[in-house]
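409 is the number of the first residue of the sequence shown in this note's numbering; add one for each residue after it. Note that beta-carbon positions come from the ideal geometry of N, C-alpha and C, so glycine has one too. Treat the numbers as computed from the prediction; the structure is a model and nothing was measured. What follows is one structure encoded as structure tokens, with my remarks underneath.
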Amino acid sequence: MLSADQIQIFCRTGYLIVPDFLAADEIKQHQDEAELLTNHCCERGDLVAQWGCVVEPLGCGYFDHSEIPADARSSRAEYLRIRAQVSSSGLAARVLDRFGACARQLLADASQREVVLLNEQYIVKPPRSTAEFAWHQDVLYFSQTQRQHIIVSVWTPLCDVSSKNGTVLIDPYPDPTRPGEYPAQPASSPIAAILAAGSALFMDGRLRHCSTENTTSTFRTVYMPQFSLGAVAAGSELAALAVPVDQ
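In structure tokens, the structure reads:
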């Protein structure tokens, strides 16, 4: 669980770094799952050109669409059941119970609305890859109506990360009283997240950030679940996952 001081830092800056969020054996679980899914994607196309470096456990084709029941997107029990077919059930439960519990602390008015898992993905940059993610705010990927749902992303490196292998550059809130309102140009000296494997970088969906290319000879792999305050709809359908964090 996060402390009151940590929550205050997140609210003031739009982000929070928590070292040692995952233990060594938990990192290994995620690394093994990431390798399994990444290999599956690479067998079917270029990781950068076709997949954009993003590998989603339920969306990368590891399962045929017919194998994923509709309620796996909104039922905790069904989500855990189908995810256990990729990796251990403990991994998926940890996503909801530990990652989700911390996200709940950071989502305003979480006592009034249900906190759900919105998305999860591995972000895998191949060795010596020029793939970058330009400056952006996650919330802007959603429609104006959908942006009423506050989002928290948990960027969790499974290897040590630095500016050499494609870490995140952070542009903290210029004004904490107006979160997400930025001038046109990013900060001239953004904060580079130099993190050890298993650290967790919590980011508000309104935080402006980007990531650099991987100039090293090894893969750079990150696990990132995202949580929202309430299910995000697209008309009468769900726009993404809506798996309740609470049992």
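If you run the structure through DSSP and keep just helix, strand and coil, what is Glu451?
Residue mapping note: residue 451 aligns to position 43 of the sequence shown, counting from 1. Here Glu451 sits in coil by DSSP.
Classify Ile476 as helix, strand or coil using the three-state DSSP reduction.
On the sequence shown, position 68 is the one that residue 476 refers to. DSSP places Ile476 in coil when its eight states are reduced to three.
Quick one: what does DSSP say Arg616 is sitting in, helix, strand or coil?
Reading the sequence shown from its first residue, position 208 is the one you call residue 616. The answer is strand: DSSP assigns Arg616 an E or B state.
Could you name the residues of the same chain whose beta carbon sits closer than 8 Å to that of Met409, not counting the 5 residues immediately before and after it, in chain order?
Counting from 1 along the sequence shown, the entry for residue 409 is found at position 1. For Met409, where only same-chain residues beyond five positions count, the Cβ hits under 8 Å are Ala509, Cys510, Gln513.
Between the alpha carbons of Gly469 and Cys449, how many angstroms are there, rounded?
To locate residue 469, count along the sequence shown from 1; it is residue 61. To locate residue 449, count along the sequence shown from 1; it is residue 41. Answer to the nearest angstrom: the Cα atoms are 8 Å apart.
Let me confirm a value: Arg536 is counted as buried when at least 16 other C-beta atoms fall within 10 Å, else exposed. Which label applies?
Here residue 536 corresponds to residue number 128 of the sequence shown, with the count starting at 1. It is exposed - the Cβ of Arg536 has fewer than 16 other Cβ atoms within 10 Å.
At 4 residues or longer, and completely inside the stretch 505 to 571: list those alpha helix (DSSP H) runs for me, N to C.
Listed in chain order, the complete alpha helix (DSSP H) runs (minimum 4 residues) inside the stretch 505 to 571 are 508 to 514.
To the nearest angstrom, report how far apart Gln529 and Glu645 are at their CA atoms.
Residue 529 sits at position 121 when you count from the first residue of the sequence shown. Residue 645 sits at position 237 when you count from the first residue of the sequence shown. Between Gln529 and Glu645, the C-alpha separation is close to 21 Å.
Considering only residues of the same chain and omitting the five flanking positions on each side of Lys533, which have a CB-CB separation below 6 Å?
Counted from its first residue, the sequence shown places residue 533 at position 125. Once the five neighbours on either side are set aside, the close Cβ partners of Lys533 are Cys461, Ala539, Gly574, Asn622, Arg628.
By Cβ distance below 7 Å, which residues in the same chain neighbour Thr421 in space, the five residues on each side in sequence not counted?
Along the sequence shown, one-based indexing puts residue 421 at 13. The answer, listed in chain order, is Pro580, Tyr581.
Taking buried to mean at least 16 other C-beta atoms within 10 Å of its own C-beta, is Glu475 buried or exposed?
Start at 1 with the first residue of the sequence shown, and residue 475 comes out as number 67. Exposed: under 16 other Cβ atoms inside 10 Å.
Looking at the unbroken beta strand (DSSP E) that takes in Asp413, where does it start and where does it end?
As a working note, residue 413 is residue 5 in the sequence shown. Per DSSP, Asp413 belongs to no beta strand (DSSP E); it is in the alpha helix (DSSP H), 412 to 421.
How about Phe635 and Leu499: are their beta carbons less than 8 Å apart?
For this step, residue 635 is matched to residue 227 along the sequence shown. For this step, residue 499 is matched to residue 91 along the sequence shown. At the C-beta level, Phe635 and Leu499 stay beyond 8 Å of one another.
State the CB to CB distance for the pair Leu504 and Val651, rounded to an integer number of angstroms; the pair is presumed to be in contact (CB under 8 Å).
What you label residue 504 is simply residue 96 of the sequence shown in a count that begins at 1. What you label residue 651 is simply residue 243 of the sequence shown in a count that begins at 1. The pair is a contact, with the Cβ atoms about 7 Å apart (cut-off 8 Å).
Return yes when the Cβ of Leu577 is within less than 8 Å of the Cβ of Pro598, no when it is not.
Taking the sequence shown and counting its residues from 1, the one referred to as residue 598 is at position 190. Taking the sequence shown and counting its residues from 1, the one referred to as residue 577 is at position 169. For Pro598 and Leu577, yes; Cβs fall inside 8 Å.
What residues in its chain sit with their C-beta under 7 Å from that of Arg484, if we drop five residues either side in the sequence?
Locating residue 484 in the sequence shown gives position 76, where the first residue counts as 1. If we look at Arg484 and ignore the five residues flanking it on each side, its Cβ neighbours are Leu504, Val651, Pro652, Gln655.
What is the rounded straight-line gap between the Cα of Glu551 and the Cα of Gly643?
For the purposes of this step, residue 551 is identified with residue 143 of the sequence shown, where counting begins at 1. For the purposes of this step, residue 643 is identified with residue 235 of the sequence shown, where counting begins at 1. Going by the sequence as given, residue 551 is Ser instead of Glu. One alpha carbon belongs to Ser551, the other to Gly643, and they sit about 11 Å apart.
From Ala605 to Leu466, what distance separates their C-alpha atoms?
Residue mapping note: residue 605 aligns to position 197 of the sequence shown, counting from 1. Residue mapping note: residue 466 aligns to position 58 of the sequence shown, counting from 1. Going by the C-alpha atoms only, they are around 24 Å apart.
Which class does Ala602 belong to by DSSP, given the choice of helix, strand or coil?
Position 194 of the sequence shown holds residue 602. Inspection of the sequence shows that residue 602 is occupied by Ile rather than by Ala. The answer is coil: DSSP assigns Ile602 none of H, G, I, E or B.
Please name the residue or residues paired with Met611 in a DSSP beta bridge.
Position 203 of the sequence shown holds residue 611. According to DSSP, Met611 bridges with Tyr423, Ser561.
Within 10 angstroms of the Cβ of Ala412, are there 16 or more other Cβ atoms? Answer buried if so, exposed if not.
Numbered from 1 along the sequence shown, position 4 holds the residue referred to as residue 412. Ala412 should be labelled exposed.
Tell me the residue span of the beta strand (DSSP E) that contains Arg628.
Here residue 628 refers to the residue found at position 220 when the sequence shown is read from its first residue. It spans 628 to 637 - the beta strand (DSSP E) in which Arg628 sits, taken as one unbroken run.
Determine the contact status of Ile425 and Ser607, defining contact as a CB-CB distance below 8 Å.
The residue you call residue 425 lines up with position 17 of the sequence shown. The residue you call residue 607 lines up with position 199 of the sequence shown. Yes. Within cutoff.
Using a 10 Å radius around the Cβ and a threshold of 16 neighbouring Cβ atoms, would you call Gln416 buried or exposed?
The sequence position of residue 416 within the sequence shown is 8, counting from 1. Gln416 should be labelled exposed.
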